[in-house]
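If you read the sequence shown in this note's numbering, its first letter stands for residue 41, the second for the next number, and so on. Remarks on the structure that follows.
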Amino acid sequence: MSLRSVLTAFFAFFVCAAAQAADRPSLFLNLTSDNSQRSETGLIFARDQMARGHALTVFLNDQAVRMGSSTNLRNFVIQQKLLRDLMGKGAVVLVCRVCMRHYGVTEASLMQGMLLDDPERVGEALFRDNTRTLTW
């Protein structure tokens with residue numbers, strides 16, 4: 041086999057792999073619980089899907105907004121590490137404003153990189169073509 045054939049095959053493999061990754065559905069994870077086991081499991085599931093090439097949006101909703109607050113770090117060490125790692129790899133984390141108000145979470149206390157929800161941000165992620173949703 042010639043060097044040119046090997047390089048052509050190598051290039052074709054990576055072009056096909058990139059195209060396949062672009063076709064993977066996005067995941068919109070609606071995380072509602074601040075229960076330690078449930079929230080950790082949901083975030084690990086999301087991390088594993090993101091590692092498989094799925095774009096990820098995590099929506100911290102209801103009690104889960106507590107996980108996004110730096111004032112609650114000691115209660116959510118593992119969850120906050122997972123969230124930081126996900127955001128560092130390109131995941132978007134949206135936080136429900138109404139829920140924040142209800143549970144006393146302030147915008148100033150949110151982990152760096154988290155975004156407040158608004159109809160445009162949520163709608164863009166939730167209704168993107170080829171998006172799958174999951175509530176945990």
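The beta carbon of each residue, even a glycine, is placed where N, CA and C say it ideally should be.
Quiz prompt | 7 Å Cβ shell around Asp-158 - same chain, five flanking residues per side excluded | solution = Position 118 of the sequence shown, counted from the first residue, corresponds to residue 158. The answer is none, since no qualifying residue turns up.
Quiz item: Considering only C-alpha positions, which residue in the set Arg-106, Pro-65, Ala-148 and Arg-64 is nearest to Ser-76?
Solution: As a working mapping, residue 76 is identified with position 36 in the sequence shown. Here the closest residue by C-alpha is Arg-106.
Self-check item: Option in Arg-168, Val-132, Thr-146 and Leu-150 with minimal Cα separation from Leu-83
Solution: Within the sequence shown, residue 83 is the residue found at index 43, counting from 1. Closest by alpha carbon: Val-132.
Quiz item: Considering only the beta carbon of each residue, do Leu-71 and Val-98 sit closer than 7 Å?
Solution: On the sequence shown, position 31 is the one that residue 71 refers to. On the sequence shown, position 58 is the one that residue 98 refers to. Yes, these two residues count as a Cβ contact at 7 Å.
Quiz item: Can you tell which of Gly-108, Asn-112 and Leu-126 has its C-alpha closest to the C-alpha of Gln-89?
Solution: Taking the first residue of the sequence shown as position 1, residue 89 is located at position 49. Closest option to Gln-89, Cα to Cα, is Leu-126.
Quiz item: For Asn-170, which residues from the same chain have a beta carbon less than 7 Å from its beta carbon, with the 5 sequence-adjacent residues on both sides left out?
Solution: Start at 1 with the first residue of the sequence shown, and residue 170 comes out as number 130. Same-chain partners within the cutoff: Pro-65 and Ser-66.
Quiz item: Just to confirm, are Asn-101 and Cys-139 a CB contact at a threshold of 7 Å?
Solution: Numbered from 1 along the sequence shown, position 61 holds the residue referred to as residue 101. Numbered from 1 along the sequence shown, position 99 holds the residue referred to as residue 139. In contact: Asn-101 and Cys-139 (Cβ atoms closer than 7 Å).
Quiz item: Taking all protein chains shown into account, do 16 or more other C-beta atoms lie within 10 angstroms of the C-beta of Phe-116, making it buried, or fewer, making it exposed?
Solution: Within the sequence shown, the letter at position 76 stands for residue 116. Flag for Phe-116 reads buried.
Quiz item: Does any residue of chain B bring its CB to less than 7 Å from the CB of Val-132?
Solution: In the displayed structure, chain B is absent; only one protein chain is listed.
Quiz item: Helix, strand or coil: which one does DSSP assign to Thr-173?
Solution: Here residue 173 corresponds to residue number 133 of the sequence shown, with the count starting at 1. Note: Thr-173 maps to strand in three-state DSSP.
Self-check item: Paired residues, beta bridge with Phe-68 - DSSP
Solution: Locating residue 68 in the sequence shown gives position 28, where the first residue counts as 1. DSSP output for Phe-68 lists Thr-97 and Thr-173 as bridge partner(s).
Self-check item: Cβ shell of Gln-119 (< 7 Å), same chain only, five flanking positions each side left out
Solution: Taking the first residue of the sequence shown as 1, we reach residue 119 at position 79. Counting only Cβ-Cβ distances below 7 Å, and skipping sequence neighbours, we find Ser-79, Glu-80, Leu-83 and Met-107.
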